[in-house]
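Heads up, the sequence shown is in my numbering, so the first residue is 5 and it goes up one at a time.
Just so it is clear, CB atoms sit at the ideal spot from N, CA and C, and this is done for glycine as well.
Only one structure is covered here, and it is reproduced in the block below.
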Amino acid sequence: MSRIAYVDGRYLPHRHAGVSVEDRGYQFADGVYEVIAVACGRLVDEEPHLDRLDRSLAAVRIPWPMSRAALKLAMREVIRRNRIGGFGAIYLQITRGVAPRNHAFPAGAKPVVVMTARSLPSFDLAAARRGVAVISAPDERWHRPDIKSVSLLPNVLAKQRAVEAGAYEAWLVDDDGRITEGTASNAWIVTADGALVTRCADRSILAGITRGSLLRLATGHGTPLTERPFSLDEAKQAREAFLTSTTSWVKAVVRIDGQTIGDGCAGPLTRRLLDWYASYVDGGSAEEGL
Ligand code: PDD
Numbered sequence: 005m006s007r008i009a010y011v012d013g014r015y016l017p018h019r020h021a022g023v024s025v026e027d028r029g030y031q032f033a034d035g036v037y038e039v040i041a042v043a044c045g046r047l048v049d050e051e052p053h054l055d056r057l058d059r060s061l062a063a064v065r066i067p068w069p070m071s072r073a074a075l076k077l078a079m080r081e082v083i084r085r086n087r088i089g090g091f092g093a094i095y096l097q098i099t100r101g102v103a104p105r106n107h108a109f110p111a112g113a114k115p116v117v118v119m120t121a122r123s124l125p126s127f128d129l130a131a132a133r134r135g136v137a138v139i140s141a142p143d144e145r146w147h148r149p150d151i152k153s154v155s156l157l158p159n160v161l162a163k164q165r166a167v168e169a170g171a172y173e174a175w176l177v178d179d180d181g182r183i184t185e186g187t188a189s190n191a192w193i194v195t196a197d198g199a200l201v202t203r204c205a206d207r208s209i210l211a212g213i214t215r216g217s218l219l220r221l222a223t224g225h226g227t228p229l230t231e232r233p234f235s236l237d238e239a240k241q242a243r244e245a246f247l248t249s250t251t252s253w254v255k256a257v258v259r260i261d262g263q264t265i266g267d268g269c270a271g272p273l274t275r276r277l278l279d280w281y282a283s284y285v286d287g288g289s290a291e292e293g294l
């Protein structure tokens with residue numbers, strides 16, 4: 005079955021789906037995006053994702069291309085046409101529009117919406133518990149990674165370094181030696197005294213939706229937690245470490261730059277958080293995961 009993309013109001017097989025060579029997303033990375041997980045055909049954390057989309061659009065001054073209700077209907081239609089009954093993910097991108105190349109905003113350009121979706125295998129809990137390796141890399145991004153912009157070249161380059169080092173992700177390190185986040189995920193540690201730590205969602209990181217749901221689950225279960233920056237050294241000495249994202253859920257980090265973390269597999273708190281998140285995804289609300 006051919007995959008179907010939504011392009012500017014039309015549903016098209018991928019081989020016929022395309023945008024103009026003068027789309028500003030293509031020429032200037034002048035656009036924003038979201039990735040939303042699908043579980044049992046349902047969009048996970050749909051409202052927080054759309055709230056973040058709203059913040060990204062406002063930050064780069066792109067108007068909503070359609071009403072929120074219309075966008076939700078179109079997302080459902082993309083899921084239906086791609087027959088995603090189980091697990092999957094939807095990618096949604098909005099660029100400023102099509103116009104002759106000129107840096108300043110074009111007068112009267114109409115935002116272009118593109119959506120694609122794909123089925124994914126069921127989440128592999130055992131693999132998430134076995135964990136992954138990460139490397140560290142300098143954070144070379146612009147000063148607004150809180151905006152989910154399609155401009156991802158520094159993320160792409162750091163992720164490629166990770167892949168070439170046999171690692172799953174690169175944890176980005178700021179000028180003060182502190183970890184900001186991964187190239188496509190948020191970073192967490194559990195300190196020697198058992199506290200859960202993740203960086204505060206200020207302008208230095210993307211406020212991950214998975215991160216937000218996990219914080220609510222952890223708080224609801226009475227887990228002590230702190231939102232503060234932590235250094236690469238602290239992460240290497242941590243009792244546990246893990247990462248979160250829409251498609252990775254909660255994945256144990258068992259090696260950082262080749263150094264083993266904890267016992268080299270998911271620690272007890274990481275396992276509990278993963279279990280809570282898994283039932284949350286099944287149940288649908290942070291309260292149901294409690
Ligand atoms: N990445 N930090 C960055 C830089 C990200 O790109 C992502 C998501 C996250 C985690 O956010 P969330 O929990 O909302 O997925 C953190 C998506 C999945 C991507 O680019 O594919």
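Do you know how far the Cα of residue j is from the Cα of residue i?
{"i": "F109", "j": "V258", "result": "45 angstroms"}
{"i": "R134", "j": "S126", "result": "16 angstroms"}
{"i": "G45", "j": "R84", "result": "8 angstroms"}
{"i": "A113", "j": "S60", "result": "18 angstroms"}
{"i": "G35", "j": "F91", "result": "27 angstroms"}
{"i": "E291", "j": "G224", "result": "Here the model assigns E291 a pLDDT of 48, short of 50, so the residue's position is not dependable, and the following value carries that caveat. Straight-line Cα distance between these residues: approximately 8 angstroms."}
{"i": "G293", "j": "L75", "result": "Confidence at G293 is low in this model, with a pLDDT of 46, below 50, so the placement of that residue is unreliable and no value is reported for it."}
{"i": "T120", "j": "L96", "result": "7 angstroms"}
{"i": "C269", "j": "A256", "result": "7 angstroms"}
{"i": "D197", "j": "E26", "result": "54 angstroms"}
{"i": "R182", "j": "L218", "result": "22 angstroms"}
{"i": "A222", "j": "S249", "result": "16 angstroms"}
{"i": "V167", "j": "A137", "result": "10 angstroms"}
{"i": "A199", "j": "A242", "result": "10 angstroms"}
{"i": "A211", "j": "A205", "result": "5 angstroms"}
{"i": "R276", "j": "R56", "result": "27 angstroms"}
{"i": "V201", "j": "G226", "result": "14 angstroms"}
{"i": "G89", "j": "A43", "result": "8 angstroms"}
{"i": "V48", "j": "Q31", "result": "31 angstroms"}
Judging by CA-CA distance, which residue of the options is the nearest neighbour of residue i?
{"i": "T99", "options": "I8, W280, I193, E38", "result": "E38"}
{"i": "W280", "options": "W253, P142, Q263", "result": "W253"}
{"i": "Y10", "options": "A141, T202, S153, L77", "result": "L77"}
{"i": "P17", "options": "R7, S24, A166", "result": "R7"}
{"i": "Y172", "options": "G92, G262, L57, R122", "result": "G262"}
{"i": "G22", "options": "W68, F32, V118", "result": "V118"}
{"i": "Y15", "options": "L54, Y30, R56, E81", "result": "E81"}
{"i": "L247", "options": "D237, R207, T187", "result": "T187"}
{"i": "K152", "options": "S208, D180, N106", "result": "S208"}
{"i": "P233", "options": "L176, P104, A43", "result": "L176"}
{"i": "T264", "options": "P272, K240, H20", "result": "K240"}
{"i": "W192", "options": "H20, W146, L278, L47", "result": "L278"}
{"i": "M5", "options": "P69, R203, R72, R87", "result": "R87"}
{"i": "P67", "options": "V116, E231, A103", "result": "V116"}
{"i": "P142", "options": "A33, L236, L47, Q31", "result": "L236"}
{"i": "S189", "options": "R19, L273, A174, P272", "result": "A174"}
Is the beta carbon of residue i within less than 7 angstroms of some heavy atom of ligand 1?
{"i": "G112", "result": "no"}
{"i": "P104", "result": "no"}
{"i": "R215", "result": "yes"}
{"i": "L47", "result": "no"}
{"i": "L278", "result": "no"}
{"i": "A188", "result": "yes"}
{"i": "N2", "result": "Here the chain covers residues 5 to 294 and nothing more, so residue 2 does not appear."}
{"i": "P142", "result": "no"}
{"i": "P149", "result": "yes"}
{"i": "E185", "result": "yes"}
{"i": "S283", "result": "no"}
{"i": "V359", "result": "Nothing in the structure corresponds to residue 359, since the chain is present only between 5 and 294."}
{"i": "S249", "result": "yes"}
{"i": "V299", "result": "Residue 299 is absent from the structure shown; the chain starts at 5 and stops at 294."}
{"i": "V138", "result": "no"}
Residue range of the beta strand (DSSP E) that residue i falls in?
{"i": "F246", "result": "244-249"}
{"i": "R259", "result": "253-260"}
{"i": "V285", "result": "Premise fails: V285 lies in the alpha helix (DSSP H), 272-287, not in any beta strand (DSSP E)."}
{"i": "P17", "result": "14-17"}
{"i": "M70", "result": "Segment: none, M70 is in no beta strand (DSSP E) and carries neither H nor E."}
{"i": "E231", "result": "229-231"}
{"i": "A9", "result": "8-11"}
For the alpha helix (DSSP H) that residue i lies in, which residues bound it at each end?
{"i": "T214", "result": "213-224"}
{"i": "E238", "result": "236-241"}
Check whether the Cβ of residue i sits closer than 7 angstroms to any heavy atom of ligand 3, and report yes or no.
{"i": "G212", "result": "With respect to ligand 3, the structure shown offers nothing to examine, as its ligands consist of ligand 1."}
Whole runs of the alpha helix (DSSP H) within the stretch 131-206, excluding any shorter than 4 residues:
157-168
In the stretch 29-92, which residue ranges form an unbroken beta strand (DSSP E) of at least 3 residues, counting only runs that do not cross its ends?
35-43
Mind pulling the beta strand (DSSP E) runs of 3 or more residues that sit fully within the stretch 98-137?
116-123
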